[in-house]
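Novice: Mind having a look at this structure? Questions to follow.
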Amino acid sequence: MSKVTIMDHPLIQHKIGIIRRRETGSKDFRQLISEIAMLMCYEATRDLKLKDVEIDTPISHMTAQELAGKKLAVVPILRAGLGMVDGMLTMIPAAKVGHIGLYRNEETLEPVEYYCKLPQDCAERDVFVVDPMLATGGSSVAAIEMLKAKGVRKIRFMCIVAAPQGVERMQKAHPDVDIYVGALDERLNEHGYIVPGLGDAGDRIFGTK
Numbered sequence: 400m401s402k403v404t405i406m407d408h409p410l411i412q413h414k415i416g417i418i419r420r421r422e423t424g425s426k427d428f429r430q431l432i433s434e435i436a437m438l439m440c441y442e443a444t445r446d447l448k449l450k451d452v453e454i455d456t457p458i459s460h461m462t463a464q465e466l467a468g469k470k471l472a473v474v475p476i477l478r479a480g481l482g483m484v485d486g487m488l489t490m491i492p493a494a495k496v497g498h499i500g501l502y503r504n505e506e507t508l509e510p511v512e513y514y515c516k517l518p519q520d521c522a523e524r525d526v527f528v529v530d531p532m533l534a535t536g537g538s539s540v541a542a543i544e545m546l547k548a549k550g551v552r553k554i555r556f557m558c559i560v561a562a563p564q565g566v567e568r569m570q571k572a573h574p575d576v577d578i579y580v581g582a583l584d585e586r587l588n589e590h591g592y593i594v595p596g597l598g599d600a601g602d603r604i605f606g607t608k
């Protein structure tokens with residue numbers, strides 16, 4: 400079964416509290432989503448492997464450490480996932496970026512694919528799939544299925560707010576994918592929205608309705 404990590408860092412919780420507020424406008428919402436993604440990336444990369452390298456400081460020779468050649472990629476689920484990319488790249492600027500486009504059929508609540516563009520060597524990379532919301536889990540499950548179909552094996556999923564139903568569905572569908580969650584909320588309502596949640600993340604990031 401995949402590992403689920405609920406972020407308990409005070410800065411993450413503080414910023415999630417602000418983006419939940421109805422009165423938080425798009426400009427602040429976008430900035431905070433990016434900052435939360437950056438802080439979550441710091442936690443989600445804690446187990447990346449290091450290797451020793453010989454370097455010279457201005458004072459002397461020494462053995463330092465750097466990432467052990469791991470290639471990374473960030474794959475946002477369009478469109479709301481775009482809001483998390485800049486924060487991720489602030490922490491891992493050498494990562495490549497792919498895009499998966501899915502929208503939710505409002506009647507069936509199931510995902511419909513409309514776009515997929517990945518780095519050529521994506522199968523060789525550790526991939527972080529990012530989406531601010533994990534509601535029913537349909538989009539994230541489908542996105543990860545698409546990645547696996549293209550040979551990607553090392554996948555982590557990051558979201559800012561999740562419902563228990565979405566986490567459970569992800570674990571059943573992809574028990575090999577670790578999940579990083581900013582806040583685990585109470586439930587889904589009859590429309591498939593997270594309660595208490597923060598509304599539609601895409602609309603709030605891009606100022607659309």
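For what it's worth, the working numbering labels the leading residue of the sequence shown as 400, then goes sequentially.
Yeah, the Cβ is synthetic: ideal placement off N, Cα and C, and Gly gets one too.
1) Of the residues D575, H408, S539, K450, which one's Cα is nearest the Cα of A479?
2) Between the alpha carbons of R374 and H498, how many angstroms are there, rounded?
3) Less than 6 Å between C-beta atoms, sequence neighbours within five positions excluded: which residues of the same chain meet that for K495?
4) Provide the residue span of the alpha helix (DSSP H) that contains M439, from first to last.
5) Determine, using beta carbons only, whether D485 and S433 come nearer to each other than 8 Å.
6) With 16 as the cutoff for other CB atoms within 10 Å, does G550 come out buried or exposed?
7) Straight-line CA distance for R445 to A582?
8) Could you say which of Y513, I559, A572, P492 lies nearest to L501 if we only look at CA atoms?
9) Nearest to Y441 by alpha carbon, out of E567, P492, I543, L597?
10) Exposed or buried, which one is I559 when buried takes at least 16 other CB atoms within 10 Å?
11) Between which two residues does the alpha helix (DSSP H) holding E544 run?
12) Over the uninterrupted alpha helix (DSSP H) stretch that includes E567, give me the two end residues.
13) Would you kindly work out how many angstroms separate the C-alpha atoms of T489 and E509, rounded to a whole number?
14) Taking the beta carbon of L587 as the centre, do at least 16 other beta carbons fall within 10 Å, making it buried, or is it exposed?
15) Which residue from E465, L431, K448, V528 puts its Cα closest to that of H573?
16) Apply the 10 Å Cβ neighbour rule to G596 and answer buried if 16 or more other Cβ atoms are within range, or exposed otherwise.
17) For L447, which of helix, strand or coil comes out of DSSP?
18) Measure the CB-CB distance between M532 and I593 and report whether it falls below 8 Å.
19) If you follow the beta strand (DSSP E) that I411 is in, where does it begin and where does it stop?
Specialist: So, to answer that:
1) Position 80 of the sequence shown, counting from 1, holds the residue named residue 479. A479 has its Cα closest to that of S539, out of D575, H408, S539, K450.
2) The structure shown does not extend to residue 374, since the chain is modelled only from 400 through 608, so no value can be given for it.
3) Along the sequence shown, one-based indexing puts residue 495 at 96. So the qualifying residues of the chain are A472, P518.
4) Stepping through the sequence shown from its first residue, residue 439 is reached at position 40. Run containing M439: 425-443, per the alpha helix (DSSP H) assignment.
5) Your numbering for residue 485 matches position 86 in the sequence shown. Your numbering for residue 433 matches position 34 in the sequence shown. Closer than 8 Å, so yes.
6) One-based indexing of the sequence shown puts residue 550 at position 151. It counts as exposed.
7) One-based indexing of the sequence shown puts residue 445 at position 46. One-based indexing of the sequence shown puts residue 582 at position 183. Between R445 and A582, the C-alpha separation is close to 19 Å.
8) In the sequence shown, residue 501 corresponds to position 102, counting from 1. Ranking Y513, I559, A572, P492 by Cα distance to L501 puts Y513 first.
9) For this step, residue 441 is matched to residue 42 along the sequence shown. When only C-alpha atoms are compared, the closest one is P492.
10) Here residue 559 refers to the residue found at position 160 when the sequence shown is read from its first residue. Counting Cβ neighbours within 10 Å, I559 comes out buried, since at least 16 surround it.
11) Working through the sequence shown from its first residue, we reach residue 544 at position 145. That run of the alpha helix (DSSP H) goes 537-548.
12) One-based indexing of the sequence shown puts residue 567 at position 168. It spans 563-572 - the alpha helix (DSSP H) in which E567 sits, taken as one unbroken run.
13) Taking the first residue of the sequence shown as position 1, residue 489 is located at position 90. Taking the first residue of the sequence shown as position 1, residue 509 is located at position 110. If I take the Cα positions, the gap works out to 32 Å.
14) Within the sequence shown, residue 587 is the residue found at index 188, counting from 1. By the neighbour-count criterion, in which 16 or more other beta carbons inside 10 Å mark a residue as buried, L587 falls on the buried side.
15) Taking the sequence shown and counting its residues from 1, one reaches residue 573 at position 174. H573 has its Cα closest to that of V528, out of E465, L431, K448, V528.
16) Taking the first residue of the sequence shown as 1, we reach residue 596 at position 197. G596 should be labelled buried.
17) As a working note, residue 447 is residue 48 in the sequence shown. Reduced to three states, the DSSP call for L447 is coil.
18) As a working note, residue 532 is residue 133 in the sequence shown. As a working note, residue 593 is residue 194 in the sequence shown. Yes, these two residues count as a Cβ contact at 8 Å.
19) Indexing the sequence shown from 1 puts residue 411 at position 12. Unbroken run through I411 is the alpha helix (DSSP H), 409-419; no beta strand (DSSP E).
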